[in-house]
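**Q**
Residue numbers (this note's numbering): 2 to 156.
1. Using only alpha-carbon positions, find the residue among 28, 39 and 130 that is nearest to residue 99.
2. From which residue to which residue does the alpha helix (DSSP H) around residue 1 run?
3. Have a look at residue 151 and residue 45 and give me their C-alpha separation to the nearest angstrom.
4. Who does residue 125 pair with in a DSSP beta bridge?
5. By DSSP, does residue 12 sit in helix, in strand, or in coil?
6. Using beta-carbon positions only, say whether residue 112 and residue 127 come within less than 8 Å of one another.
7. Let's see if you can read the secondary structure: which residues bound the alpha helix (DSSP H) around residue 41?
8. For residue 93, name the three-state secondary structure that DSSP assigns.
9. Under three-state DSSP, which class holds residue 18?
10. In the DSSP output, which residue or residues are listed as bridge partners for residue 56?
11. One question on the structure: do residue 93 and residue 105 come within less than 8 Å of each other, judged by their Cβ atoms?
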């Protein structure tokens, strides 16, 4: 049986499994929090990248809304994303492993990591994406073991 450690899978594989569209959702820094929140809701995601043209300048998350907008009693209709987004970004490369990303998420207490290649953004992986990846692959490994034990495993 060939059971490679799925925690060593590169993030590029996780992004490929997400499909197109939501992995690179972005907003401009000058839009309002209300407009950015609508993007989050419409796409059923917890974060969007904040892009100034082709340049990644931040990430805007549900946590930013709670802490920096609601918590500071700012008006979402007039507050710009640039004023409340997370600027101190943790980014990873597509070749980084799932286990490395999970370690960063735990240590930094974050939920979303932009994945960049050079200066280009290739996507975002979330804590949920990584958990889903690990569970899905673990289910496949369990089925392989069951097939092996019951004699159905191809010899």
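Ideal Cβ placement from N, Cα and C applies to all residues, glycine included.
**A** So, from the data block:
1. Counting from one through the chain shown, the residue named residue 99 turns up at place 98. Per the Cα distances, 130.
2. In the structure as shown, the chain starts at 2 and stops at 156, and residue 1 therefore has no counterpart that could be examined.
3. As a position in the chain shown, residue 151 is number 150, starting the count at 1. As a position in the chain shown, residue 45 is number 44, starting the count at 1. Looking at the two C-alpha atoms, the distance is approximately 41 Å.
4. Here residue 125 is taken as the residue at index 124 of the chain shown, counted from 1. DSSP lists 115 as partners of residue 125.
5. The residue labelled residue 12 in the question sits at position 11 within the chain shown. Three-state result, residue 12: helix.
6. By one-based count along the chain shown, residue 112 stands at place 111. By one-based count along the chain shown, residue 127 stands at place 126. Going by C-beta atoms, residue 112 is nearer than 8 Å to residue 127.
7. Residue 41 sits at position 40 when you count from the first residue of the chain shown. 34-44 is the extent of the alpha helix (DSSP H) around residue 41.
8. Locating residue 93 in the chain shown gives position 92, where the first residue counts as 1. The answer is strand: DSSP assigns residue 93 an E or B state.
9. Start at 1 with the first residue of the chain shown, and residue 18 comes out as number 17. Note: residue 18 maps to helix in three-state DSSP.
10. Translated into the one-based positions of the chain shown, residue 56 becomes position 55. Residue 56 pairs with 53.
11. Along the chain shown, one-based indexing puts residue 93 at 92. Along the chain shown, one-based indexing puts residue 105 at 104. Yes, Cβ-Cβ distance for residue 93 and residue 105 is below 8 Å.
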